[in-house]
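Enquirer: Supplied in structure tokens, the structure appears directly below.
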Amino acid sequence: MAHDKQNRDAILKRLSRLNGQVQGVSRMVEDGRYCVDILNQTAAIRSALRGVERLLIEDHARSCMEDAIQSGDQDRQRVMFREVVELMERVRD
Numbered sequence: 002m003a004h005d006k007q008n009r010d011a012i013l014k015r016l017s018r019l020n021g022q023v024q025g026v027s028r029m030v031e032d033g034r035y036c037v038d039i040l041n042q043t044a045a046i047r048s049a050l051r052g053v054e055r056l057l058i059e060d061h062a063r064s065c066m067e068d069a070i071q072s073g074d075q076d077r078q079r080v081m082f083r084e085v086v087e088l089m090e091r092v093r094d
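Below you can see the structure in the form of structure tokens.
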């Protein structure tokens, strides 16, 4: 998939931040920190990951789906549509 540079940079920045958050939670567990504090951090991680997923779905719609629509290939369009529906169902859970 050809990510647009701005979107790719935003995704990488968010993933880097997420990596730091996960490492921070590991340290909190190792240090025996209060459970509620750890759970608050895991909730923040889930929220940040949903943001990454939204960017990736937008990117997919702008690049892959747009290419399929412009190609005029109805089979390819159906495949892309099914993929997006499945992605939306997984992301929603």
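Using my numbering, the first residue of the sequence shown is number 2, and each one after it goes up by one. Even glycine gets a Cβ: it sits at the ideal position worked out from N, Cα and C.
With distances taken Cα to Cα, identify the nearest neighbour of Val85 among Gly73, Gln71, Ser64 and Asp74.
Expert: Ser64
Enquirer: Can you give me the start and stop residues for the alpha helix (DSSP H) that Asp38 sits inside?
Expert: Cys36 to His61
Enquirer: So what's Asp10 in DSSP terms, helix, strand or just coil?
Expert: helix
Enquirer: Would you kindly check if the distance between the Cβ of Gly25 and the Cβ of Gln42 is under 8 Å?
Expert: With contacts defined as CB atoms closer than 8 Å, Gln42 and Gly25 qualify as a contacting pair.
Enquirer: Would you check if the distance between the CB atom of Leu19 and the CB atom of Leu50 is smaller than 8 Å?
Expert: yes
Enquirer: Could you check what DSSP says for Asp32 in three-state terms: helix, strand or coil?
Expert: Correct three-state label for Asp32: coil.
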